[in-house]
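Protein sequences, first through last, are from chains A and B. With the numbering used here applied, the first sequence covers 1 to 659. With the numbering used here applied, the second sequence covers 660 to 1318. Ideal Cβ placement from N, Cα and C applies to all residues, glycine included. Just so we're clear, the structure is a prediction, and the values are computed from it rather than from any experiment. What follows is a single structure, written as structure tokens, with notes after it.
Protein chains: 2
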Amino acid sequence: GVNPDLASERLAASFSVELLTASLDGGAERTRMRRAVVEAIENDPVFSQENQYFQSQNERYEAAVKRAVYLQKKIREMGWSETGTEVQYIYRCLSGDIALSLHRVFMRSISVLGSDEQIAKWMPLATSYQIIGSYAQTELGHGTYLQGLETTAVFDAATQEFILNTPKISAMKWWPGDMGRSATHSVVFAQLYVHGKCYGVHPFILQIRSLQDHSPRPGVTVGDIGPKMNFQHADNGFLRLQNVRVPRENMLSKFCEVQPDGTYVRWGSQKINYFTMTSVRISVLSDEVIRPLMKACTIAIRYSVVRRQSKLKPGEQEAKILDYQTQQQKLLPQLAAAYAFHFINTYLHELFNRGYQDIQGKNFDSLPELHAFSSGFKAIVTQHCTSGVEICLRACGGHGYSLLSGLPSLYTKIIASCIYEGENTVLLLQTARFLIKCFMAASAGQPVPPSVTYLSSAKPGKCPAKNKSDFLNPEFYLKAYEQMASRLISSSAAKLQHLIQSGVEEYEAWNQCTVQLERAAKAHCHYITVKNFVETVEKLDNKAGIQKIMKHLCDLFALHGIFSNMGDFLYDGYLTTAHMDLVTASYLDLLPVIRKDAVPLVDAFDFTDKSLNSALGSYDGQVYQRLYDGARRSPTNQQGNPAYGKYLKPLLQNKLSKL
Amino acid sequence: GVNPDLASERLAASFSVELLTASLDGGAERTRMRRAVVEAIENDPVFSQENQYFQSQNERYEAAVKRAVYLQKKIREMGWSETGTEVQYIYRCLSGDIALSLHRVFMRSISVLGSDEQIAKWMPLATSYQIIGSYAQTELGHGTYLQGLETTAVFDAATQEFILNTPKISAMKWWPGDMGRSATHSVVFAQLYVHGKCYGVHPFILQIRSLQDHSPRPGVTVGDIGPKMNFQHADNGFLRLQNVRVPRENMLSKFCEVQPDGTYVRWGSQKINYFTMTSVRISVLSDEVIRPLMKACTIAIRYSVVRRQSKLKPGEQEAKILDYQTQQQKLLPQLAAAYAFHFINTYLHELFNRGYQDIQGKNFDSLPELHAFSSGFKAIVTQHCTSGVEICLRACGGHGYSLLSGLPSLYTKIIASCIYEGENTVLLLQTARFLIKCFMAASAGQPVPPSVTYLSSAKPGKCPAKNKSDFLNPEFYLKAYEQMASRLISSSAAKLQHLIQSGVEEYEAWNQCTVQLERAAKAHCHYITVKNFVETVEKLDNKAGIQKIMKHLCDLFALHGIFSNMGDFLYDGYLTTAHMDLVTASYLDLLPVIRKDAVPLVDAFDFTDKSLNSALGSYDGQVYQRLYDGARRSPTNQQGNPAYGKYLKPLLQNKLSKL
């Protein structure tokens, strides 16, 4: 049965959970279909993640490979498409705990960067799993800065081959997924040399393991990079190459080619490469970043109405911890952020799809904006969601620290998103560079993309708000965000110009402004997130109370942002300290309002118990029983205790220790 | 050999690393002695932590028990004292990766709470390890709120025994260290009932396992609570009791007793119980909280001068990442905080020792201040250090995410310190309660402890600073902190009073102020930390440039605090936006100054490579070679790949998949 404290929360919902779920999902039909697919997968024991928290790295890897292979079989049996909705739903319910995901990136890179002949040769082999691919770009010594890669590919005209080498230890490929123990082939990035001249980084298809017995090919040293904070299921690998030869035809050559005599030919635009990165950054957000925050909120909020601790009112029963203002202040802003980021994700996908259409029409104008947005939002969403998951974990006290709560794994996994697909600081500075350019253009009266026109229109002013309810008017808080972002960008630009004019070299001036530029880029993305939330709420159906509760969440997200970054807003002059008191009061007033709907708001995320995999977060709220059941299943209680016989018994019965 | 990029940093030191180490250690003699002890332990293979990152929970536990038992033997052989300096050094170098640490808490609780007869009976048994003890307070359903514990102890006058029970699942003991698999005895806290009347929570000595074969005693269900985010070496346990009887003499009875006829007698002060908690909170900071931050700084800063990435100046070699302003802004404030907290730790120990002397003279006046300070500083130091370690981890990019870097383990362990020994929010609100009381007393002209006299003396004013160098004057920034803390406390008090006067019940008014009260308590502790740093620097010897570099760190710590909490300072009115520009400029100017000495400043923490256990942080800076060596030693490369034969081979050679 459901814990009565949790059940009573659901009875009090001010809106229809079903309708909200459908609205988040893109319709009730999709929800229904997703549930059917998820149920089929979750009932299959191969896909069970029940013992995940007890497994070693080797066990996790083996289970992930088993799942990947079994899923291929299932996809063939069911006639699903590899990129279809069903497979998407399955990935959602497996939470990425599956091997061979880099095989898809291997295929994507061949289809994007390969010539027609290369596609015709390699894609059928990959699609039918006669080979398993990986994607080897990052090296021990180089990540985000691709130009610095040190692996070399020297053209040997005599044999019509490239000779690949790892000239020093820092040039070893390091981190590629599926490479450590699984892949037979890889797309390897290396500096191309022809007749002694370097042509920069190019991709080569390389066989790394035998198709007979899986042993490394001659000249290849390959293995797993060892233990990580999470991703135990993935065999991230290293690769060392000593005079490994590949035929001339193995350099991916949609955009450039080395001809038999060594002539280097380049054609087509290189810009499209950015587009692939942009697409990966956007696609990662929903599954790997926003959904984990939604899960963490679900776990922490359900637990916080089951857990009772200490007395709020003397003489009464102990209070649900969610009734404490401090607990609300921890969790409810994370809940609001999960919704805010879900909506910004939709916004980014629309922006991306429009850009993609333009590109198909050979119009590359939207690429800079798309690149700047995907970089900046990847950075702020991963950062916010990572810190949100940590807050949820800590808000569950000691039990949040048990792996059985599900929270530690969410945290140790999501924190990687701040690093992979571009380190966040580097990305934010790319966004900042775009913003500074737009600001300069706007100042010179030149046209800029619609998303940044506010840079020229924002004028200093004073907020007209007179009482705390005025701050529930989006016009007032949006204006505050706009002013603040615009001021941070313009003042960074001014500092930059000032330094350059006073004789500091441009690269050094840029470096001296980066702390402020990073802040400005964050402020811009924060502003756009609030703006998009406001616009989303306006467009929502007002049926069944959904618009109303979403408006509360939007207000909370906006006001929490002001409350937490008071300095940036006060500095601006648009808001005074008297306004800050109103913002604070209005923000704190919202907490108990949203608290009433907190459980229905996480129920609407519609996670199954199996995908949450949490003793604290299950739908029935039987947290203590589930913790106990989990403990009893742990290997620490399943085997005897060899330490007793070996060390404790002799100690307890040591003659020296006798009285 | 040492990596030349790292070696060159050391040549440029502006101060003597040896002298700074000695000054942090309490003298060169102590440093010398510590090094000798640490070396002896580290060279003993039993104490090697080399394979820690590859071990399962069971393996970690077994190794930790082995170490604990072996250490006992060593202590006896060497004739060391269990509480002596040598043993302290050994614990420092083992980083807590050792079992039976709760045995000490078991003994401490008997010696503090037990009668003379109880001490005479139990202490020799414990000291000679004829029994192994644990300390069972926390339950599944109750942590910080001790009054809510549900385990019962009912007095049976007929048999002169207490009958202990776990009446429901939430009453099960949960988390006690060493209980899951090791302990034979435990101090168990339970609600005492005599003749149907409840007398509140009392401690009982209970045997939980047989001394013959270690099996659970009748009525006892005991085991390990399963996987955790870290602390795999510790067998945190659960304990379920069904009509377990202990003799009347087993209730610890220094302060109260149940007499044979059931008469309950209490004598002595209960306040001394707080003192034990205070002592634990303070003692945990140095080893479990500040030192991990120092280690994380050592790892991240050494790595940041070895790692070169991207070009700062076109045409030049790639730059050391520590030369980027954004990297300095991440790491150097953490370094300054590590020093700030090292010094506040000394301050707290002095406060504690003075309080202890008072108490021995039966003067309990300093208890409230001590309790408030130990609570507040426990909270802010654990919070700052946890977030500092996370920043260091992320600042190392992908390699920071490898367990081999040492950073993930530091993080997953230190985050527990925000929860154990009192949840931070609960603790900060206790500090706030003390501050509000002091504020009210001061307002009424009553005397208050010296540390909070500023609450009555702070008067609104304007900062007289005119240029950025003025903010290197501690007088100016201290005044800003003082005003800010004082204003946050007085305005929380005003809100509280206003609510109560307008008819809100006191408990509800308190709840409605807790977000602001928590902020006020943090501000107070932050102010005291800055003040103590300033005073420490003033007292430092100016020999060999130490005072100068410490002054820089102190300035950085103070200005970073203002830069990061701009809102609280601007709100106050003491600093204007023009001042904020000066603070920002002064703060950013300090970064490159401290950056020059960053490596010597972490070298001075004087960690051995073995205790850092980090491929990125070793003294020689051979990061890539060490990552590679670590990967090769990983179990993922030591055994074959059963997943190949079972799943990949059939997939690759599947007839269905043939073209």
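When the options are compared against residue i, the one with the closest alpha-carbon
i, options, result
"ALA1237 of chain B", "A:ALA578, A:GLY567 and A:SER279", "A:GLY567"
"GLU741 of chain B", "B:ALA758, B:ARG763, B:GLU798 and B:GLN1160", "B:ARG763"
"HIS1043 of chain B", "B:SER1068, B:ILE1073 and B:VAL965", "B:ILE1073"
"LYS972 of chain B", "A:GLU508, A:GLY141 and A:LEU211", "A:GLU508"
"ALA598 of chain A", "A:LEU332, A:PHE341 and A:LEU164", "A:LEU332"
"GLN866 of chain B", "B:LYS856, B:CYS857 and B:VAL879", "B:VAL879"
"LEU808 of chain B", "B:ARG876, B:MET831 and B:SER707", "B:MET831"
"GLU9 of chain A", "A:GLY398, A:SER374 and A:LYS596", "A:LYS596"
"ASP606 of chain A", "A:ALA36, A:ASN3 and A:ASP5", "A:ALA36"
"PHE934 of chain B", "B:PHE1002, B:LEU851, B:MET888 and B:PHE1032", "B:PHE1032"
"THR1112 of chain B", "B:LYS1096, B:ASN1126, B:GLN789 and B:GLY1120", "B:LYS1096"
"SER945 of chain B", "B:THR1243, B:ASP1268, B:LEU683 and B:GLY660", "B:LEU683"
"VAL1182 of chain B", "B:GLU1165, B:ASP1231, B:VAL771 and B:GLN1156", "The question names Val, but residue 1182 of chain B is Ala in the sequence shown. Comparing Cα-Cα distances from ALA1182 of chain B to each of B:GLU1165, B:ASP1231, B:VAL771 and B:GLN1156, the minimum goes to B:ASP1231."
"VAL847 of chain B", "B:THR811, B:ASP815 and B:PRO875", "B:THR811"
"HIS662 of chain B", "B:TYR1283, B:ASP1279 and B:GLY1299", "A small fix is needed here, since residue 662 of chain B is Asn in this sequence, not His. If we check each option's Cα against that of ASN662 of chain B, B:ASP1279 comes out closest."
Proximity of residue i and residue j at Cβ, strictly below 7 Å
i, j, result
"ALA1180 of chain B", "LEU1087 of chain B", "yes"
"LEU644 of chain A", "VAL728 of chain B", "Here residue 644 of chain A is Tyr; the residue named in the question, Leu, does not match the sequence. No; because the gap between Cβ atoms is not below 7 Å, this pair is not in contact."
"LEU102 of chain A", "GLY177 of chain A", "yes"
"GLY388 of chain A", "LEU517 of chain A", "no"
"SER170 of chain A", "GLY200 of chain A", "no"
"ARG940 of chain B", "GLU1080 of chain B", "yes"
Backbone CA spacing between residue i and residue j [nearest angstrom]
i, j, result
"LYS539 of chain A", "ILE546 of chain A", "11 Å"
"ARG961 of chain B", "THR690 of chain B", "22 Å"
"GLN1160 of chain B", "HIS233 of chain A", "59 Å"
"LYS1317 of chain B", "VAL38 of chain A", "Bear in mind that a pLDDT of 45 at LYS1317 of chain B, under 50, signals an unreliable position, so the number given afterwards is only what the model happens to contain. Answer to the nearest angstrom: the Cα atoms are 30 Å apart."
"THR773 of chain B", "LEU805 of chain B", "The sequence as given places Gly at residue 773 of chain B; Thr does not occur at that position. Distance between the alpha carbons of GLY773 of chain B and LEU805 of chain B: 19 Å."
"ARG1092 of chain B", "GLN716 of chain B", "41 Å"
"ASP1240 of chain B", "LEU898 of chain B", "58 Å"
"ASN710 of chain B", "PHE377 of chain A", "39 Å"
"LEU367 of chain A", "ARG354 of chain A", "11 Å"
"LEU407 of chain A", "LEU499 of chain A", "46 Å"
"ALA666 of chain B", "THR957 of chain B", "15 Å"
"PHE514 of chain A", "ALA795 of chain B", "One detail in the question is off: residue 514 of chain A reads as Thr in this sequence, not Phe. Each residue's alpha carbon lies about 51 Å from the other."
"ASP703 of chain B", "GLY743 of chain B", "20 Å"
"ASN1201 of chain B", "LYS1207 of chain B", "7 Å"
"THR138 of chain A", "ALA416 of chain A", "15 Å"
"SER912 of chain B", "GLN918 of chain B", "11 Å"
"ALA1263 of chain B", "TYR712 of chain B", "26 Å"
"GLU257 of chain A", "PHE106 of chain A", "20 Å"
For the region 1138–1169 of chain B, enumerate the residues whose C-beta is nearer than 8 Å to any C-beta of chain A, in chain order.
So the close ones are GLU1164, TYR1166 and GLU1167.
What residues in the region 628–645 of chain A bring their beta carbon closer than 8 Å to a beta carbon of chain B?
Answer in chain order: TYR628, GLY630, ALA631, ARG632, ARG633, SER634, PRO635, THR636, ASN637, GLN639, ASN641, PRO642, ALA643 and TYR644.
Which runs of the beta strand (DSSP E), 3 residues or longer, sit entirely within the region 257–302 of chain A?
Those beta strand (DSSP E) runs which fall completely within the region 257–302 of chain A and span 3+ residues are 264–266.
At a CB distance below 7 Å, what residues from the region 59–71 of chain A approach chain B? Give them in sequence order.
Going along the region 59–71 of chain A in chain order, one finds TYR61, GLU62, VAL65, LYS66 and VAL69 with a Cβ nearer than 7 Å to chain B.
Output, in sequence order along the chain, the residues in the region 275–307 of chain A whose CB is closer than 7 Å to any CB in chain B.
Within the region 275–307 of chain A, no residue qualifies.
Using a Cβ-Cβ cut-off of less than 9 Å, list which residues of the region 518–550 of chain A approach chain B; keep chain order.
If the cut-off is 9 Å between Cβ atoms, the region 518–550 of chain A has GLU518 near chain B.
With a floor of 3 residues, list each beta strand (DSSP E) that falls wholly inside the region 854–902 of chain B, ordered by position along the chain.
Fully enclosed beta strand (DSSP E) runs of 3 or longer: 856–866, 879–883 and 896–900.
Mind listing which residues of the region 973–994 of chain B have their C-beta closer than 7 Å to chain A's C-betas, in chain order?
Cβ contacts with chain A: PRO973, GLU977, TYR983, GLN984, THR985 and GLN988.
Determine which residues of the region 570–600 of chain A have a Cβ less than 7 Å from any Cβ of chain B, and write them out in chain order.
Taking 7 Å as the Cβ-Cβ cut-off against chain B, the residues of the region 570–600 of chain A that qualify are LEU570, TYR571, THR577, MET580 and LEU588.
Counting only Cβ-Cβ distances shorter than 9 Å, please list the residues of the region 216–235 of chain A near chain B, keeping chain order.
Cβ contacts with chain B: GLY223, ASP224, ILE225, GLY226, PRO227, LYS228, MET229, ASN230, PHE231 and ASP235.
Mind listing, in chain order, the continuous alpha helix (DSSP H) runs of no fewer than 4 residues lying wholly within the region 11–39 of chain A?
Correct list: 17–25.
What are the residues of the region 767–800 of chain B that lie near chain A, defined by any Cβ-Cβ distance shorter than 8 Å?
Within the region 767–800 of chain B, the qualifying residues are PRO783, LEU784, SER787, TYR788, GLN789, ILE790, ILE791, THR797, LEU799 and GLY800.
Run through the region 1067–1139 of chain B for me and flag every whole alpha helix (DSSP H) of 4 or more residues, listed as ranges in chain order.
Fully enclosed alpha helix (DSSP H) runs of no fewer than 4 residues occupy 1083–1102 and 1113–1116 of the region 1067–1139 of chain B, in order along the chain.
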